[in-house]
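The sequence shown begins at 183 in our numbering and counts up one residue at a time.
Glycine included, each C-beta is placed from N, C-alpha and C at the ideal position.
Take a look at the structure below.
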Amino acid sequence: MARIYVTDRMGESLVVEGQTGASVMETLRELDNGVEALCGGMCSCATCHSYIDSAWRDRLPPRSPEEEELLSELEYFTESSRLTCQLRFSEELDGLTLTIAPEE
Numbered sequence: 183m184a185r186i187y188v189t190d191r192m193g194e195s196l197v198v199e200g201q202t203g204a205s206v207m208e209t210l211r212e213l214d215n216g217v218e219a220l221c222g223g224m225c226s227c228a229t230c231h232s233y234i235d236s237a238w239r240d241r242l243p244p245r246s247p248e249e250e251e252l253l254s255e256l257e258y259f260t261e262s263s264r265l266t267c268q269l270r271f272s273e274e275l276d277g278l279t280l281t282i283a284p285e286e
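See below:
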């Protein structure tokens, strides 16, 4: 089980664990101040937008064209932006650090 470090929308730092193979979004939407995830992980709404710590950006799989398109339309888009529905828990993600983006 991978453990990730999350700063929620209220600025609270949390450590969360996720089941291998599950999307990061699934765990983050269970938090009190987590992501909304309106589309349920279909990469069609961008309500699971988060910022990945710079130390992790090059360690993640590249964004898909669909993810790039959705992110580029967001007001709070940065180079650190990712949709957490597109990230799956694995041992390689153990220690990932992210901040949940502001609501659009």
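- Leu210 is classed as buried because its beta carbon has at least 16 other beta carbons within 10 Å across all chains shown.
- Per the Cβ contact rule, the stretch 222-242 is not in contact with the stretch 194-202 (fewer than 3 Cβ pairs under 8 Å).
- Comparing alpha carbon positions, the residue from Thr281, Glu208, Gly277 and Pro243 closest to Phe259 is Thr281.
- Taking a C-beta distance under 7 Å as the contact criterion, Asp235 and Thr189 do not qualify as a contact pair.
- Its chain contains Asp190, Arg191, Met192, Glu194 and Ile282 as the residues whose beta carbon lies nearer than 8 Å to that of Asn215, once the 5 sequence neighbours on both sides are disregarded; these appear in chain order.
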